[in-house]
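Q: For the protein sequence lines, the chains are A and B, in the order given.
Residues 62 to 175, numbered by my numbering, are exactly what the first sequence covers, in order.
Residues -17 to 96, numbered by my numbering, are exactly what the second sequence covers, in order.
All C-beta atoms in this analysis are idealised placements derived from N, C-alpha and C, irrespective of residue type, glycine included.
This structure is in structure tokens; I'll ask about it shortly.
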Amino acid sequence: GDSVTQMEGPVTLSEEAFLTINCTYTATGYPSLFWYVQYPGEGLQLLLKATKADDKGSNKGFEATYRKETTSFHLEKGSVQVSDSAVYFCALSDVPQGAQKLVFGQGTRLTINP
Amino acid sequence: NAGVTQTPKFQVLKTGQSMTLQCAQDMNHEYMSWYRQDPGMGLRLIHYSVGAGITDQGEVPNGYNVSRSTTEDFPLRLLSAAPSQTSVYFCASSPVDLSSYEQYFGPGTRLTVT
């Protein structure tokens, strides 16, 4: 079945550092790919998405590119802030043109120190 | 517009007890789902529904029942709680139409079974 693998956490960085969180996936079809973020004590929020190969999703300074050849969707940000501290989840959906029945990675806890 | 609401926020049960986790949304979304979040495992799909009267199993349905009598509500029932069901439970909703790529998550219910 479909699966998502994220880099092991937790990740601790200093403010203004460059961030990469690796995500690779296994799917039989052509899934849509997502990054969700969970702030302390809250539910998940969609951070960005890409629905086909070579699409780049972006939001709040975060970016991720759908790489079909390497089955990857790595999350990057050029300069992180303390407010970016959260748990980040990579996810996929193989529902055609949809986001239902999400398959999640294990999550990466990110802590940014001032 | 309250979005997706879940009650209770916290619950402690003894092994063998039953309870219902409530989920409601006021966005007229057809699709609703339940996930459980366990450390190191991300979120896993328990049950989902594409509309009133229609439910189906996700990845980890054993020990849980659902029903969907209205568009707004999607309760999750534990008939005989087990310690393995200790987890954080999230409800999510989204439109079914092909233009929607975002699921909206509730704040979660933290359940402990002793």
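Which value, in whole angstroms, describes the spacing of the CA atoms of Ser0 (chain B) and Leu25 (chain B)?
A: 23 Å
Q: Excluding the 5 residues preceding and the 5 following Pro(-10) (chain B) in the sequence, name in chain order all residues of the same chain whose CB lies nearer than 7 Å to its CB.
A: So the qualifying residues of the chain are Thr91.
Q: Met9 (chain B) to Ser75 (chain B), Cα distance in whole Å?
A: Going from the Cα of Met9 (chain B) to the Cα of Ser75 (chain B) covers about 9 Å.
Q: Helix, strand or coil for Asp38 (chain B) per DSSP?
A: Note: Asp38 (chain B) maps to strand in three-state DSSP.
Q: Buried or exposed for Phe165 (chain A), please, with buried defined as at least 16 other CB atoms from any protein chain shown within 10 angstroms of its CB.
A: buried
Q: On a Cα-Cα basis, can you pick out the residue from A:Val98, A:Lys129, A:Lys117, A:Glu124 that is closest to Ser144 (chain A)?
A: A:Val98
Q: With DSSP collapsed to three states, give me the class of Ser66 (chain B).
A: In the structure shown, Ser66 (chain B) falls within a helical segment according to DSSP collapsed to helix, strand and coil.
Q: Indicate whether the contact test is met: 3 or more Cβ pairs, each with one atom in the segment 123 to 135 of chain A and one in the segment 15 to 29 of chain B, closer than 8 Å.
A: Pairwise C-beta distances place the segment 123 to 135 of chain A out of contact with the segment 15 to 29 of chain B, as fewer than three of them are shorter than 8 Å.
Q: Per DSSP, what kind of secondary structure is Ser133 (chain A) in: helix, strand or coil?
A: strand
Q: Using three-state DSSP, classify His144 (chain A) as helix, strand or coil.
A: As written in the sequence, residue 144 (chain A) is Ser, which differs from the His given in the question. The answer is helix: DSSP assigns Ser144 (chain A) an H, G or I state.
Q: Just checking my contact of Leu136 (chain A) with Phe87 (chain B) at CB under 8 Å: how many whole Å lie between their CB atoms?
A: The Cβ separation is near 18 Å, so there is no contact.
Q: Assuming Phe123 (chain A) is part of the beta strand (DSSP E), what are its boundary residues?
A: 123 to 126
Q: Leu109 (chain A) and Ala88 (chain A) - do their beta-carbons sit closer together than 8 Å?
A: no
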